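The structure under discussion appears below in the form of structure tokens.
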């Protein structure tokens, strides 16, 4: 397993690490335990006691520290052993677990898997488009995909799969003669943008549902522009607007897609989606969360997992895939990521 | 995995590949998809799109071609990509999947796993004994055994296991003093015959049930002659007849046993059995199909799988089994098969 | 897998090998079948027919011998083939399975996994403390732990885990000011003793329940002294008595812990516990058996298995665990065992 280490990976939502809860998650093959200290800040430690290798996450939080479930050693926010209840209570020097920098942003908990001295807030791309805020309502969810995280990125950076996998998201009607698709790639720094804009597109069922203000037009401009940043965090700017009108005249539903490798062949997939229509409407929120969850679980996930199985344990590139023009953004992202992993020289 | 490549393997029954159905099966470790073209002929292709490695069998049949479920590429009967819905629609030269020769015979679909130029109808042994035809009724079924296919061949070529595994097929009564078993091996070309003939045998429950014309005799001549051909297709000529009378005076129930390796340690087992008594009688057909299925699933399969587990991943021969005289046919078949695999020089 | 071979391992309780039952168990990675011969003595054979490698344990006992379920070969108490029902009935010289020395003691069946000529009754440590006898009642049980047997030994030789894993066995009240714990290690020959004695200890709920004769005292002397012998058989001498009084004045509840590696990462755990209070009381027996079983299954087992998972396939020592003073007995036992395995030079 070779992953980018100096990066923020999403470990969960802020509500996953609440009260005296010990939250366990395996990231990049490493088991972690997260909990809040006495000051409310999130601590992320290696989830393995150095004594007998018990998972600390089976223990409990005592005064803002984690107590091992097996023999009661305690560890503080820096991963140091702070209490040994046995013998004369002396603490062996080696009684230390790895502590990972952790922070909270955009409603999620982020863990830095590399050199702690290089962890900076600036290294996390901006996802404020999906923040809960006045005029916007947010839904979120998670799933685990039994496939390498790069296959999930590939899926997100090539949305031409939509008509084949997602009938509800696609339009039932054929596009009119003056239909113009605009599909292209851009790169800004190390960010890759997969632009998908459709002019004179039959308005899709999703945007008809979200239109809210007046009758949805027969045709509209539809955008689904995906932004990828290393290692595996994506922002989808999507919405529909009347032809020629500003985007605010139609609904927007941006979404974040935060992928965290659990192992080489499984991926934690955290998502959050905001909208500027039917704000605060719980029924629409439930429909939207349910619809996204269903599309991921019933349509994308089985396909990505089937591809992974057909690839065996082999990497995509070494299987020499036939590439189409629509693979451009995914291939660009793979090249950037691979260069950055190589640059870490691990 | 080392298999005989230049041979026909049974992929299923003709009814498995019907209408616009995409039929998936893994043979010799290779996933295949089978479907009927516009002309009704069966096409067999590698079940993996060369673009993103999606299983084509998850897609659909469009105008006699298979459309990939992920991004919509289409492939024709020769495995060539015939349609790319993306960009300018140009088709990359490498967009090609392997096509396997396929044919239909004896109610089954056969796939040639080796060099297509060597595929000939003559390479398939004759199984017309089990064809549906006037005066005969046929039943069929399938199962998957979690064991190497050669262990299943061994089982079929040494029917002395019957009294231990199959109480219903054996006789409850002890044989009379003038009972004469005739168990021997013959070889005709590369076919191996395991002859099992029993004279003055107490008529077994199965043949009492199938007798139909008058009272079954107390004793009869019972035959269970198994013919094996490489790689793994067997025909059992079995029936009972009054002592000294022609075989037509008693019931015959020949059966085919077509074994197709799924992997080194699992085997597709297709079977078909005909009979010349109670022709067209659905109740007897149901009883017969149920009885065969039960004997395979509840008696042979658990035993063969238990042997496989006890052997670990090791080959039978390298474990140096103690051989009995009754292992003759199975050992002969193994030798012929091994020579033919070696001759292919793969 | 490297195990001590010249040693008695517990294969089960005497009642597991009863009547014409074929009892199967895998020990040290080797599948065994146990049954009683015509003379009632236990026979232990390799559970794999040398002909087609069928598990003999799927067969049946015929006249004190085991008959293979597949083709009917029979094997006697020495593992020799005694009957071949096929052909002329001659028996191939190689038709022989390994026979293991077996004996019965302390209500259990013991199998010698090494050189048969070195098997002596003296090699089994004394466990008469847990025998069923006048004045004592015994309960017993078994479980299988998905962890290396040495992790289970470690657990038993360091009972300081009790307050963390076993709240019922620990005391709810804080110890008084004059409480004196006496925790130390002794070695007698190759036996390791982990002494745990607590003076002026609040009497624990278990001993309050077992006290029987008069009111249990508020405080008592509690002992939990564990004896380990190679490879993996342990005796716990435990009981409570009034401070300064002889141990007979309070209840004793010694228990045996017989661990038999099934594989490198799974362990058969047989236990038996006697008591000298409420003798013959079935209700107390049920409570005691249930309590021990619950503590093992719900408290120790999940923890030991979690440690094993966190260790991956790696050995404890090579992971360089941080050691506490309380690890002394376990480390001593590991060293003795490792020296004895090395001395066998396998």
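Residue numbers (my numbering), protein chains in the order written: chain A, 1 to 346; chain B, 1001 to 1346; chain C, 2001 to 2346. Even glycine gets a Cβ: it sits at the ideal position worked out from N, Cα and C. Small disclaimer: the values here were computed from a predicted structure and weren't measured.
Name, please, each residue of chain A whose Cβ falls closer than 9 angstroms to the Cβ of residue i.
| i | result |
| --- | --- |
| residue 1072/B | 160, 161, 163 and 164 |
Per DSSP, what kind of secondary structure is residue i in: helix, strand or coil?
| i | result |
| --- | --- |
| residue 1104/B | strand |
| residue 2269/C | strand |
| residue 2277/C | coil |
| residue 204/A | coil |
| residue 2090/C | coil |
| residue 229/A | strand |
| residue 333/A | helix |
| residue 2/A | coil |
| residue 1017/B | coil |
| residue 986/B | No statement about residue 986/B is possible, as the shown extent of chain B runs from 1001 to 1346 and does not include it. |
| residue 1062/B | strand |
| residue 302/A | helix |
| residue 1196/B | strand |
| residue 1147/B | coil |
| residue 1239/B | strand |
| residue 1307/B | helix |
| residue 173/A | coil |
| residue 97/A | coil |
| residue 1161/B | helix |
| residue 2290/C | helix |
| residue 1140/B | strand |
| residue 11/A | strand |
| residue 2052/C | coil |
| residue 2216/C | coil |
| residue 1069/B | coil |
Which one of the options has the shortest CA to CA distance from residue i?
| i | options | result |
| --- | --- | --- |
| residue 2299/C | 2010/C, 2089/C, 2250/C and 2159/C | 2159/C |
| residue 1246/B | 1232/B, 1266/B, 1229/B and 1220/B | 1220/B |
| residue 1243/B | 1198/B, 1253/B, 1059/B and 1214/B | 1198/B |
| residue 1280/B | 1138/B, 1181/B and 1310/B | 1138/B |
| residue 37/A | 266/A, 217/A and 76/A | 76/A |
| residue 1154/B | 1213/B, 1110/B and 1229/B | 1229/B |
| residue 1283/B | 1056/B, 1123/B, 1210/B and 1072/B | 1210/B |
| residue 2094/C | 2073/C, 2110/C, 2114/C and 2201/C | 2073/C |
| residue 2085/C | 1263/B, 1163/B, 1336/B and 1225/B | 1163/B |
| residue 2088/C | 1261/B, 1338/B and 1324/B | 1324/B |
Identify the contact partners of residue i in chain B, using a Cβ-Cβ distance below 9 angstroms as the criterion.
| i | result |
| --- | --- |
| residue 2058/C | 1302, 1303 and 1306 |
If you measure from the CB of residue i, is any heavy atom of the ligand FAD nearer than 7 angstroms?
| i | result |
| --- | --- |
| residue 1226/B | Among the ligands in the structure shown, none appear at all, so the ligand FAD cannot be discussed. |
Which residues in chain F sit within 8 angstroms of residue i, going by Cβ to Cβ distance?
| i | result |
| --- | --- |
| residue 1053/B | Checking the listed chains, one finds no chain F in this structure; the protein chains it contains are A, B and C. |
Can you list the residues of chain B that residue i reaches, using a CB-CB cut of under 7 angstroms?
| i | result |
| --- | --- |
| residue 2048/C | 1310 |
Applying a beta-carbon distance threshold of less than 8 angstroms, which residues of chain B neighbour residue i?
| i | result |
| --- | --- |
| residue 2069/C | 1164, 1165 and 1303 |
Contacting positions in the region 1152-1170 of chain B - beta carbon closer than 8 angstroms to chain C: Residues passing the 8 angstroms Cβ filter: 1154, 1158, 1160, 1161, 1163, 1164 and 1165.
Along the region 2307-2337 of chain C, what residues have a CB closer than 9 angstroms to any CB found in chain A? Cβ contacts with chain A: 2307, 2308, 2309, 2310, 2311, 2316, 2319, 2320, 2321, 2322, 2323, 2324, 2325, 2326 and 2327.
Using Cβ-Cβ distances below 7 angstroms, what residues of the region 82-111 of chain A are close to chain C? Flagged, chain order: 84, 86, 87, 92, 94 and 95.
Scan the region 2031-2045 of chain C for residues whose Cβ lies nearer than 8 angstroms to a Cβ of chain B and list them as they occur along the chain. Closer than 8 angstroms at the C-beta level to chain B, one finds these residues of the region 2031-2045 of chain C: 2031.
Okay, do the region 1250-1261 of chain B and the region 2009-2026 of chain C touch, 3+ Cβ pairs below 8 angstroms being the bar? As far as the Cβ criterion goes, the region 1250-1261 of chain B does not touch the region 2009-2026 of chain C, which means the pair count is below three.
Would you call the region 1156-1170 of chain B and the region 1275-1289 of chain B touching, i.e. three or more CB-CB distances under 8 angstroms? The region 1156-1170 of chain B vs the region 1275-1289 of chain B: no contact.
Is the region 1036-1048 of chain B touching the region 1143-1156 of chain B, taking contact as three or more C-beta pairs under 8 angstroms? In short, these stretches do not touch, since the Cβ pair count stays below three.
Spell out a yes or no on whether the region 2284-2294 of chain C and the region 2308-2316 of chain C are touching, meaning 3 or more CB-CB pairs, one atom from each, closer than 8 angstroms. As far as the Cβ criterion goes, the region 2284-2294 of chain C does not touch the region 2308-2316 of chain C, which means the pair count is below three.
Kindly confirm or deny that the region 1180-1191 of chain B and the region 1315-1332 of chain B touch, where touching means at least three C-beta pairs closer than 8 angstroms. Cβ pair count under 8 angstroms is three or more, so yes.
Touch check for the region 92-108 of chain A and the region 231-241 of chain A: three-plus C-beta pairs under 8 angstroms? The region 92-108 of chain A vs the region 231-241 of chain A: no contact.
Using 8 angstroms as the threshold, is the region 1023-1032 of chain B in touch with the region 1117-1137 of chain B, meaning 3 or more CB pairs across them? Under the Cβ criterion (8 angstroms, minimum of three pairs), the region 1023-1032 of chain B does not count as touching the region 1117-1137 of chain B.
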